[in-house]
């Protein structure tokens, strides 16, 4: 078809943006909007192909009466307000820009198209990428940054401002409360939720076999507490950044070992990096780990219809149970909390724990019941554990500064 060029400010993507996109998923024609300085930019694939195609078309037209040329793919950034008008309003998917987040956004896109073939049309789905506070500040631990929603606030704002229609989240990053006017009605089928253990040369496969005084890279207090409960001599250091950054630090000898969610590694076809996959008895995963959640506005009937078709009931039942447990404990980034539910023989089995950051105290609980009572199971488990631990435990956690907590961990 005809390619029309508009007067816009065009720049080539940075190497980092090119790498992120190409790594995240197969090359396909889909609009991607990068939010920066409150402007959206339009992204399509391969400027080189466009330039070459344009020259070839011009040459061919000089010698042939008519030529049907497929619209070339391009690499451009284009202001959103200058984009070509579309007869059908696209479904706009909000996501963070990490390779893992993009992989999850494209998984959502794939499932949407499988259930609603009309969304396969070019331009029917747009992926809107934005940075969150948690993405931008990497030199501090999550606990030092404080607060909730470090990886979701900017997406919430875009959703409520009608800049996106749905937001794709790693469920473990989503606070137990949602902004008024939004709802999270959908969980995709859950990937394996366990933690992967990665040792520098692969020679150590279990936490119990780590040499004393080993240095472990992790930004998770949950992991730190469980590690130090097994071996108080271990030193845990802040380890932020995407999966590729963390693995590079491991290769560079910054730490002896690290732990990552096996779900994220699998979604990027990188699970071969894992030295071993830890059972719940070795390292209980975070609440909602391995689950993808999709959020929309509560009055957006079209998005609700799309998400109803994508929801995986068993995953949502387990995630609802775990999040109810977390809500009962009012957990935050200063509190090491873990919780996992699974359905076995038609029954929800839940296991949870809470600990001191240095692993000196660790309290566990288990519960089970019917799937329809999942939220109540998690809520009661959290309340029971909270009563058993006592108010003093939580008062200590609230009063403890990030420096005191980190001092306990790294001394």
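Residue numbers (my numbering): 3 to 413. For glycine and all other residues, C-beta sits at the position ideal for the given N, C-alpha and C.
Which listed residue (the options) has its alpha carbon closest to that of residue i
{"i": "residue 174", "options": "265, 214, 204, 251", "result": "265"}
{"i": "residue 276", "options": "132, 289, 245", "result": "245"}
{"i": "residue 330", "options": "178, 198, 293", "result": "178"}
{"i": "residue 110", "options": "237, 385, 172", "result": "172"}
{"i": "residue 289", "options": "189, 207, 195, 398", "result": "195"}
{"i": "residue 117", "options": "311, 243, 219", "result": "311"}
{"i": "residue 208", "options": "189, 227, 224, 233", "result": "233"}
{"i": "residue 256", "options": "386, 218, 269, 129", "result": "218"}
{"i": "residue 124", "options": "132, 115, 130, 131", "result": "115"}
{"i": "residue 387", "options": "169, 357, 269", "result": "357"}
{"i": "residue 167", "options": "396, 134, 107, 220", "result": "107"}
{"i": "residue 163", "options": "94, 230, 213, 389", "result": "94"}
{"i": "residue 364", "options": "213, 338, 169", "result": "338"}
{"i": "residue 284", "options": "299, 296, 293, 226", "result": "226"}
{"i": "residue 159", "options": "101, 97, 216", "result": "97"}
{"i": "residue 415", "options": "121, 113, 103", "result": "In the structure as shown, the chain starts at 3 and stops at 413, and residue 415 therefore has no counterpart that could be examined."}
{"i": "residue 203", "options": "253, 170, 351", "result": "253"}
{"i": "residue 294", "options": "286, 366, 313", "result": "313"}
{"i": "residue 131", "options": "113, 112, 157, 180", "result": "157"}
{"i": "residue 224", "options": "350, 286, 303, 396", "result": "286"}
{"i": "residue 182", "options": "360, 344, 297", "result": "297"}
{"i": "residue 91", "options": "127, 100, 99, 105", "result": "127"}
{"i": "residue 355", "options": "348, 243, 368", "result": "368"}
Limits of the alpha helix (DSSP H) - the one that residue i falls within
{"i": "residue 342", "result": "First-last for residue 342: 339-346, but that is the beta strand (DSSP E), not the alpha helix (DSSP H)."}
{"i": "residue 317", "result": "315-331"}
{"i": "residue 247", "result": "245-253"}
{"i": "residue 381", "result": "376-391"}
{"i": "residue 104", "result": "101-117"}
{"i": "residue 307", "result": "303-312"}
Buried or exposed by the 16-neighbour rule on C-beta atoms within 10 Å, applied to residue i
{"i": "residue 301", "result": "exposed"}
{"i": "residue 346", "result": "exposed"}
{"i": "residue 380", "result": "buried"}
{"i": "residue 307", "result": "exposed"}
{"i": "residue 315", "result": "exposed"}
{"i": "residue 205", "result": "exposed"}
{"i": "residue 324", "result": "buried"}
{"i": "residue 70", "result": "Because residue 70 carries a pLDDT of 32, less than 50, the predicted location of this residue cannot be relied on, and the following value inherits that uncertainty. Residue 70 is exposed by the Cβ-count criterion."}
{"i": "residue 258", "result": "buried"}
{"i": "residue 398", "result": "exposed"}
{"i": "residue 392", "result": "exposed"}
{"i": "residue 192", "result": "buried"}
{"i": "residue 222", "result": "buried"}
{"i": "residue 119", "result": "exposed"}
{"i": "residue 362", "result": "exposed"}
{"i": "residue 33", "result": "Here residue 33 scores only 48 on pLDDT, less than 50, and its place in the model should not be relied on; the value that follows carries that caveat. Looking at its Cβ environment, which holds 16 or more other Cβ atoms inside 10 Å, residue 33 is buried."}
{"i": "residue 271", "result": "exposed"}
{"i": "residue 112", "result": "exposed"}
{"i": "residue 341", "result": "buried"}
{"i": "residue 292", "result": "buried"}
N- and C-terminal bounds of the beta strand (DSSP E) containing residue i
{"i": "residue 370", "result": "364-371"}
{"i": "residue 128", "result": "127-131"}
{"i": "residue 349", "result": "349-357"}
{"i": "residue 93", "result": "93-97"}
{"i": "residue 208", "result": "That residue, residue 208, is in no beta strand (DSSP E); it is neither H nor E in DSSP."}
{"i": "residue 361", "result": "Looking at the DSSP string, residue 361 is not in any beta strand (DSSP E), and its letter there is neither H nor E."}
{"i": "residue 297", "result": "294-299"}
- Message: As an exercise, report each continuous alpha helix (DSSP H) stretch of at least 4 residues that is fully enclosed by the segment 150-205, in chain order.
- Response: Annotation: the segment 150-205 contains the following complete segments of the alpha helix (DSSP H) (minimum length 4 residues), in chain order: 155-162.
- Touching or not, the segment 245-256 and the segment 374-384, by the rule of three or more beta carbon pairs under 8 angstroms? no
- Can you give, in chain order, each stretch of the alpha helix (DSSP H) that sits fully within the segment 210-282 and has at least 4 residues? Segments of the alpha helix (DSSP H) lying fully in the segment 210-282: 223-232, 245-253, 264-269.
- If you pair each beta-carbon of the segment 314-332 with each one of the segment 198-208, do three or more pairs fall below 8 angstroms? no
- Cβ contact check for the segment 235-245 and the segment 280-299: 3 or more pairs under 8 angstroms: no
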